[in-house]
Amino acid sequence: MNKIINASHSKDFITYANSALVNNRYIVDITYYAGSYGMGGYGFFGLRLSETKERKQEWLVCTIFSANDWLTVNGRWLSCHPTQYSQQKPLTGTIYSQDKEGRYLSPLETWDDFQPLILDKKINDFDCKKNSCQIIIEENIIIAITADSSSRPWFYGTKKPRELGKDDDLRRGWILARNINLFL
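Each residue of the sequence shown is one higher than the one before, starting from 438 at the first, in the numbering used here.
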């Protein structure tokens, strides 16, 4: 099953991302919920890139369902399901209170240690291959999706590893878009 969503038919799609279009631009905003709006969206990950002489501000978007759970930052998970926090505390997350049946209720604690690491920092290198990618940001911050699925949290429901499908290609999973609402 393909995990990467083809966003090329969205009216806000500009082009597939590559190093020539991404390198040496600054990160001016971030979203963990690109792709749609409200609950039940795609959960794409997006970095808003600064404008250049040749390009307007645009979003660098990873078009994988729940992309945050696929990404690592210097080897640390960006996000994961709350039941996995004991394995590795991610850079972003929320701890919820639970009722007697284990259902999640209101948030008790929310954190985001990722935004301060990357906001207003320059992307030095965007390198994307079929099964892996990395974005190297100033101060040696590396955002990555590795080919090795053991570096990612497993799917909470199925307990299976987060693996790309045989037809998935990360080079088609990173796009530049005008905005983060990609109606697909």
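Even glycine gets a Cβ: it sits at the ideal position worked out from N, Cα and C.
Secondary structure at Glu488: coil, using DSSP grouped into helix, strand and coil.
The beta carbon of Asp449 is closer than 6 Å to those of Ala614, Arg615, Asn616, Leu619 in its chain, skipping five residues each way along the sequence. Shortest Cα-Cα distance from Ala454 to any of Gly472, Lys493, Ala471, Val498 involves Val498. The bridge partners DSSP lists for Phe563 are Ile572. The segment 512-519 makes no contact with the segment 559-567, as fewer than three CB pairs between them are under 8 Å. The segment 481-488 and the segment 456-466 touch, with three or more beta-carbon pairs separated by less than 8 Å. Each residue's CA atom was taken as its position, placing Lys597 and Tyr522 some 17 Å apart. A direct Cα-to-Cα measurement between Gly512 and Thr583 gives close to 10 Å.
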